[in-house]
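Chains as they are written, first to last, in our numbering: chain C, 204 to 668; chain U, 204 to 668.
Scroll down for the structure; my scribbles are underneath it.
Right, here's the structure in full:
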């Protein structure tokens, strides 16, 4: 069978694949640093060369206002599904350099891990999909499905140009499935499909009282203090049970399903190890839920920043005229960020004490993502992961957000398969970022099998092919 | 009578007194600015020359680690009381200069007010006592009581050297009455004796949760957030009735006496004008009390500063590991700052939510001051003010603290007569600081009469004479 020839090719080229990844990792494609603009482009060109070398149908750079997009496609599988693979070739700045045990752009293998900036986020994970395609093109007689690769160079700086491109090119990017490998496995040896991400509703509160700072002796006790008022407003957001005390907030929250609670509960997760990792005196969260449930599937509210009055050393007896806070809610299905904003505004209006005015600024919002796990795509991905990793994946959710998932859903109408090959301790964004070479090869194999498995599934809707 | 000859002398020398004050105001004795150290000393020497010119018994500069103290005394009234007059010759920096309508150290008379840095705080007010002494020495046949003048040059920078001097020289400074003119009248035409000052208990709270900042998506809802926790703690300090919700806090609070409430109520005070002055949407304070009562005679609690997490522009989804706040209580008789600190600590321990630790730092504390108004000193001061201003004083309290009052009480055992000749809108510490020349002359006359009136009172205890 074709897949066996592909597997054999992948096995035979492990050394090459490692050298190619190292070459890519040597390019300091730090999108945030204009000094490295030429390097960043060089990484795009490296990928373009790789696509061309494998003999894919068409490949090119798409210029943007910033760093280029790399786009490649092969649409030679009529009647088969179309898969869009997203990834990014830019990396976080490596600074601070001091904690690195080897230079961030000199890939070094230690204990089976390749240490370099971008190794897991996202060069190493993204590159598995190119190597899988190479296997099919070189040894499998061509790609078993239609594929579109969209690799951006600005993920670490906000991805605004990608967003504009996707919105303007819905037809070109049309697909049946989107795939992203930019997350983590649950733990070493426990590959995962991430089927849920939280949404976000981010606000800033600005409280004002008097028109200027006042002397707290001359005026204290006669006018409302915006810092006291802000504290009251923030304190009102959660109860002692750590539930969010905003009217109607939980109404649209989709309860955890029985299978999810069972799935989370069977994961090898130590609350005590997790607590130690944070250094917090104890774990605290919404009553009635485990830590994993709170983390992945329950809405949360955190004050992200607070400011007002005198912050210097020692005392100053000022009655400040204004104070502010940034705070955010992590949302779960089916909470609507707009509705949460309205509920939050109503709550603030209700609890604001007299004597101050409050301005509510909406910073940004995004709904949560939840992908049905009994879909053809998830079934195919499960089989592919089992082939690549030797064990079927667990199903997990994430507390964070990946904006591109919503972008693809909104513009292309597709759910994304989040197939992460990394580990939680890969130190992405930190020093000594690493990626397991064993997981790199397993990921390549899973990516190759994914294309075969998707080819077996019904085309759920008209893709681009 | 001697006092008539003194009054005549004062009337005859009004022009001289104005010129002398202008000369003093021309000296930029900015204690906080080392560039002006020579000027600051020059102001001290100016006063020393003035004391010598009036022919007082002895006068000299007392060197300190910083700016010198000016000390003068006349102890030629055996069997009569001893009065210690405190004042300061240093001034606040004049910056920002732009809003000044005339240069801060070029005294300019506009509409009967002398505009200059230090005109009201405290050169103009302090100098009235020197001119009064001059009147007695030049025209009254000598001072009717024993007097000690202690004029410092570091009031605007903390007065630590004065404190050390007073503690080390209790015998030398022993007196029956202390007098300070460094406050305000209630309003134009309404001179006042300030008989109460609030005390202070100032704290900082530092709340800690995890050992580092965490991603609010990955960790939100699983560990306590120090900013949320801090908000809860601060919100718990006051109820909706604006009463301080700390167990036992009000136990030692001395209630307003009926005469005080009546005295405050009869003062021409417009709550609406006061509100407009602050710019606050409404006046808010402890239920059951008027604004003047809240301001002068009820304890208060204000958060003075708050900090934690992300304070930059835009959103950042951080779960901060630590947050802090500075807050203070203004105390009234008979609250003890140490006891308040213990009550505050107990309260914080009680209301701190699980999952965080809280450190309470005590910045500083001072008890409130309340002088009996039916004392010989207050009676004498009332008669003196009536003589100088043509109307008897009202009795008022202040929301602020004047540390030297406690210093003199603790070390010399005397109450201070706070006889302010300034006005609330004199802009002390601000641009275009002013002092009414009419009030300057009234203050000189009242100061002169004060010595005569105190001479009539019983010596309450053994003074320095």
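Glycine included, C-beta positions come from ideal geometry on N, C-alpha and C.
DSSP links residue 620 of chain U through a beta bridge to U:382. The C-alpha of residue 541 of chain C lies about 10 Å from the C-alpha of residue 567 of chain C. When the beta-carbon positions are compared, residue 393 of chain U and residue 598 of chain U stay at least 8 Å from each other. Under a 10 Å Cβ-count criterion, residue 605 of chain U is classified as buried, with 16 or more other Cβ atoms of the shown protein chains found around its own Cβ. Within the same chain, Cβ atoms closer than 6 Å to the Cβ of residue 365 of chain U are found at 355, the five residues on either side in sequence being excluded.
With a contact defined as Cβ atoms closer than 8 Å, residue 499 of chain C and residue 399 of chain C qualify at about 7 Å. Here residue 318 of chain C really is in contact with residue 635 of chain C; their C-beta atoms are around 6 Å apart, less than 8 Å. By alpha-carbon distance to residue 511 of chain U, the top candidate from U:212, U:327, U:254, U:412 is U:412. The contact set of residue 487 of chain C on chain U, defined by CB atoms closer than 7 Å, consists of 426, 427, 557, 558 in chain order. Using a CB distance below 7 Å, the part of the segment 491–502 of chain U facing chain C consists of 494, 497, 498, 501, ordered along the chain. Under the three-pair Cβ rule at 8 Å, the segment 273–280 of chain C does not count as touching the segment 218–238 of chain C. The residues 647, 650, 651, in chain order, have a CB closer than 6 Å to that of residue 335 of chain C in the same chain once the five nearest residues on each side in sequence are set aside.
For the segment 447–461 of chain U, there are no residues whose beta carbon sits under 7 Å from a beta carbon of chain C. For residue 590 of chain C, the CB contacts under 7 Å within the same chain, skipping 5 residues up- and downstream, are 648, 649, 652 in chain order. With 16 or more neighbouring CB atoms inside 10 Å of its own CB, residue 441 of chain C falls in the buried class.
Secondary structure in the segment 512–568 of chain C: the alpha helix (DSSP H) runs of 4 residues or longer, each lying completely within the stretch, are 540–554 in chain order. A residue is called buried once 16 or more other Cβ atoms fall within 10 Å of its Cβ, and residue 357 of chain U is buried on that count. Listed along the chain, the chain U residues whose CB falls inside 9 Å of the CB of residue 602 of chain C are 418, 419, 420, 421, 422, 423, 424, 425. Interface flag for residue 550 of chain C against chain U is unset, since no Cβ pair is found closer than 8 Å. CA-CA distance, residue 232 of chain C to residue 422 of chain U, rounds to 29 Å. Among the CB atoms of chain C, none fall inside 8 Å of the CB of residue 635 of chain U. Listed by position along chain U, the residues whose Cβ is nearer than 8 Å to that of residue 517 of chain C are 566. Of the residues assessed, residue 313 of chain U falls on the exposed side of the cut-off, its CB having fewer than 16 other CB atoms within 10 angstroms. Contact with chain C is found for residue 484 of chain U, since one of that chain's Cβ atoms lies less than 8 Å from the residue's Cβ. Residue 448 of chain C carries a coil assignment under DSSP once its states are collapsed to helix, strand and coil. Residue pairing by DSSP places residue 402 of chain U opposite U:534 in a beta bridge. Cβ proximity to chain C below 7 Å picks out 526, 529, 531, 533 from the segment 525–549 of chain U. Judged by their CB atoms, residue 497 of chain C and residue 425 of chain U are nearer to each other than the 8 Å cut-off. Looking at U:450, U:388, U:247, U:299, the one whose alpha-carbon comes closest to that of residue 546 of chain U is U:450. With at least 16 other beta carbons inside 10 angstroms of its own, residue 518 of chain U counts as buried. In the three-state reduction of the DSSP assignment, residue 441 of chain U falls in the strand class, which pools E and B. Under the three-state reduction of DSSP output, residue 283 of chain C falls in the coil class, being neither helix nor strand. Taking C-alpha positions only, residue 321 of chain U is separated from residue 582 of chain U by approximately 29 Å.
Contact between residue 571 of chain C and residue 535 of chain C is confirmed by a C-beta separation of about 5 Å, below the 8 Å threshold. Neighbours of residue 388 of chain C across chain U, judged by C-beta separation under 8 Å, do not exist; the nearest C-beta is about 15 Å away.
A check of alpha carbon separations from residue 341 of chain U across U:208, U:291, U:331 identifies U:208 as the nearest.
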